[in-house]
Amino acid sequence: MPSGYISGVHGSEKNVSSTGTKGSQSYAWLVCGVAAIAGLLFGFDIAVINGAIVFLRAQFRLTDFETELAVSSLLIGCIAGAALAGWLSDRFGRKRVLSFSALLFAVSSLGAALPRDFVQFGVARFIGGIAIGIASMLAPLYIAEVSPARIRGRLVSLNQMAVVTGILLAYLINWALSFSGESSWRWMFAAAIVPSLGLFFGLFFVPESPRWLMEQNREADARLILSRVEGPERADQHLVQIRESLQMEASKFSDLLAPALRRPLFLVVALAVLQQITGINTVLFYGSIIWERELGGHSASAAIGANATIGAVNFLVTIAALWLIERLGRRPVLMFSSACMAVCQLMLGLAFLLHPPPAPLVLGAMLLCVAAFAIGLGPATWVLMAELFPTRVRGRAMSIANMALWIASFVLTFTFLSLTRAITITGAFCLYSFLCVLTFLLVWRLVPETKGKTLEEIEVLWSRDEGPMTSAKRGEDK
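Residue numbers (the numbering used here): 400 to 877.
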């Protein structure tokens with residue numbers, strides 16, 4: 400632990416100033432790294448079902464409807480968690496509510512590992528979903544509010560890096576345990592207890608969000624944290640910006656419908672929904688079932704092993720995204736990502752027209768689709784969700800966006816097997832390809848560029864009459 404580390408909001412001016420006039424990037428990375436453990440748990444919990452469902456389905460003799468319910472019960476909890484997260488974080492602070500989510504992760508992991516029937520399993524996964532709904536909003540929100548503007552996109556993307564790390568870990572653990580027999584699924588879920596406790600205890604050593612502290616009239620504490628991250632001079636400038644923002648903004652839900660906030664609310668909700676219904680979770684959640692049902696001739700371990708390859712590609716490409724999102728900006732990576740996904744989903748759908756579908760072609764299409772998502776639509780959506788709203792309404796606005804995201808994810812997940820029966824698996828992936836095209840058009844026409852701007856500077860974009868695109872371009876030209 401570095402010298403002068405601030406636990407909570409405690410510390411001294413001497414320790415803070417010792418980091419220099421530019422602040423400590425290593426401190427910012429350390430604090431955000433702890434918060435990103437929530438993202439790792441998010442990724443692990445949503446992906447672990449991919450391998451476990453093969454054995455769970457056999458042990459409880461699940462129908463297709465029950466299989467969809469087993470997979471999507473987590474997402475019902477995510478909707479509830481997202482609905483509560485904004486109110487809880489605005490009332491109790493980002494740090495305390497993240498700690499609460501860590502305990503829920505641990506309880507859910509133990510409960511999902513020890514159910515005696517399908518109902519108990521569903522309840523445990525629902526609790527885990529509440530934890531994910533809270534963490535999926537608060538981790539990027541907290542990171543955005545602690546990060547310096549110059550590296551904020553990279554640090555918020557660290558949460559997405561943690562998410563894909565959790566996905567990869569889930570796939571690798573699933574594959575390693577799959578050789579242990581039908582009861583191996585219990586150990587797959589139990590494995591999440593370790594990072595859950597790591598998050599809970601790690602949060603004792605990170606500060607509260609400086610913007611939330613300013614809302615509570617704790618300016619001295621907020622200055623300590625900002626000075627540690629950005630340096631004393633920049634911290635004072637940033638405090639002025641936050642103070643002015645707080646004075647201008649109210650915090651009622653109805654304020655989100657004010658003219659200056661309608662556009663960002665629409666954009667964030669639209670991006671959240673499209674990120675999910677473009678179909679990425681069909682690969683992440685149902686990959687093993689797709690391999691078993693559509694390709695045939697593959698054991699459960701072989702199907703889970705193929706998903707581990709997908710998780711590895713997801714992980715490696717997200718590393719590149721951490722660099723690209725700051726160098727190229729949010730809009731270019733979003734457009735590139737959605738365009739590539741449209742092609743990959745179409746290619747995947749057409750592959751299932753062949754009889755039998757060639758396994759290398761299906762795997763290749765899945766790998767390209769996941770890579771396209773990881774390079775832009777995955778991380779950049781979360782970055783924009785954390786950036787586009789003023790401080791006083793950010794928690795509530797992100798709560799609405801997260802609810803929309805998880806509702807879309809639930810609809811996608813709960814209908815996938817039924818949709819493939821109704822319009823065939825080729826028709827389903829062609830539909831997802833069309834939705835990727837819609838995503839590209841939305842980003843191209845409406846999404847502003849926020850690269851390098853402070854959260855308070857981004858707020859100004861929405862108060863100008865000429866609209867977000869013109870405002871964004873003008874800011875870049877300057």
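In this text, a Cβ means the ideal position worked out from N, Cα and C, and glycines have one as well.
### Message
If you measure between the beta carbons of L473 and G552, is that distance less than 8 Å?
### Response
Between L473 and G552, the gap from beta carbon to beta carbon reaches 8 Å or more.
### Three-pair Cβ contact test at 8 Å for the region 543 to 557 versus the region 805 to 820
Contact between the region 543 to 557 and the region 805 to 820 is absent, because fewer than three Cβ pairs lie under 8 Å.
#### Entry: Nearest-angstrom Cβ-Cβ length linking Y570 and A741, presumed shorter than 8 Å
Separation of the CB atoms of Y570 and A741 is rounded to 25 Å, and the pair is thereby denied contact status at 8 Å.
#### Entry: Exposure of P606, with buried meaning 16 or more beta-carbon neighbours within 10 Å
Counting C-beta atoms within 10 angstroms of its own C-beta, P606 has 16 or more neighbours from the protein chains shown and is therefore classed as buried.
#### Entry: N- and C-terminal bounds of the alpha helix (DSSP H) containing P658
Looking at the DSSP string, the run of the alpha helix (DSSP H) that includes P658 is P658 to I676.
### Task
Would you kindly report the start and end of the unbroken alpha helix (DSSP H) that includes W690?
No alpha helix (DSSP H) holds W690; DSSP gives it neither H nor E.
### Task
Within the same chain, show all residues whose beta-carbon is closer than 6 Å to that of P609, passing over the 5 residues directly before and after it, in chain order.
Around P609: A621, I624 and L625.
### Query
R661: which of L461, F443, C431 and L845 sits nearest, CA to CA?
When each option's Cα is compared against that of R661, the closest is L845.
### Same chain only: Cβ atoms within 6 Å of T346, ignoring 5 sequence neighbours per side
Nothing about residue 346 can be read from this structure; the chain reaches only from 400 to 877.
### Task
Given a cut-off of 8 Å, decide if N449 and N713 are closer than it, judged by their beta-carbon atoms.
No, they are not a contact pair.
### Query
Should A711 and L567 be called a contact, given that it needs their Cβ atoms to be closer than 8 Å?
Yes, Cβ-Cβ distance for A711 and L567 is below 8 Å.
### Task
Taking L537 as the reference, give the member of S579, A484, A523 and A575 with the closest Cα.
If we check each option's Cα against that of L537, A484 comes out closest.
### Query
What residue range is occupied by the uninterrupted alpha helix (DSSP H) comprising A451?
A451 -> alpha helix (DSSP H) spans I436 to Q458.
### Task
Check whether the Cβ of S736 lies closer than 7 Å to any heavy atom of the ligand SAH, and answer yes or no.
The ligand SAH is absent from the structure shown, which contains no ligand whatsoever.
### Message
Please report the distance separating the alpha-carbon of F603 from that of V430.
### Response
Computed Cα separation, rounded: 11 Å.
### Query
DSSP state of E858, grouped into three classes?
Three-state result, E858: helix.
### Query
Expressed to the nearest angstrom, what Euclidean distance is found between the alpha-carbon atoms of I703 and S798?
Computed Cα separation, rounded: 33 Å.
### Query
What's the C-alpha gap between S423 and P757?
Straight-line Cα distance between these residues: approximately 52 Å.
### Query
Can you find at least 3 beta carbon pairs, one from the region 671 to 681 and one from the region 827 to 839, that sit closer than 8 Å?
They touch, by the three-pair rule.
### Backbone secondary structure at H637 - three-state DSSP
H637 falls in the helix class under three-state DSSP.
### Query
Counting only runs that start and end within the region 485 to 514, where is the alpha helix (DSSP H) found for 4 or more residues in a row?
Complete alpha helix (DSSP H) runs here, min 4: 493 to 512.
#### Entry: Close Cβ partners of L733 (< 7 Å) along its chain, the five nearest in sequence each way excluded
The answer, listed in chain order, is G775, L776, A779, V842 and V846.
### Message
Taking the straight line between their C-alpha atoms, what separation do you get for C743 and F443?
### Response
One C-alpha to the other measures close to 25 Å.
### Message
Residues in the same chain with beta-carbon distance under 8 Å from E693, minus the five sequence neighbours each way, listed in chain order, please.
### Response
Hits under 8 Å: F751, P756, V761 and I824.
### Message
The alpha helix (DSSP H) that contains Q559, what's its start and end?
### Response
Per DSSP, Q559 is one residue of the alpha helix (DSSP H) stretching across R551 to L576.
### Same chain only: Cβ atoms within 7 Å of A523, ignoring 5 sequence neighbours per side
Cβ within range, chain order: S507, G510, A511 and P514.
#### Entry: Beta-carbon spacing of M802, I478 below 8 Å
Taking 8 Å as the cut-off, the Cβ atoms of M802 and I478 count as close.
### Task
Name the residue from L598, R460, V518 and A589 whose alpha carbon lies nearest to the alpha carbon of A534.
For the options L598, R460, V518 and A589, the alpha carbon positioned closest to that of A534 is the one of L598.
### Query
Residue ranges of each alpha helix (DSSP H) run of no fewer than 4 residues wholly in the region 747 to 802, ordered along the chain?
List check, alpha helix (DSSP H) in window: 758 to 771 and 777 to 786.
### Message
Is the beta carbon of L655 closer than 8 Å to that of A796?
### Response
It is a contact, given that the beta carbons lie within the stated cut-off.
#### Entry: Cβ neighbours of E725 in the same chain (closer than 6 Å, five flanking residues each side left out)
Taken in chain order, the residues that qualify are G552 and R553.
### Message
Given a cut-off of 8 Å on the beta-carbon distance, is the pair A591 and L455 in contact?
### Response
Contact: no.
### Query
Under 8 Å, do M587 and L576 count as touching if we go by C-beta distance?
Against a cut-off of 8 Å, the Cβ pair of L576 and M587 comes out as a contact.
### Query
In or out: R460 buried (at least 16 other Cβ within 10 Å) or exposed?
So R460 counts as exposed.
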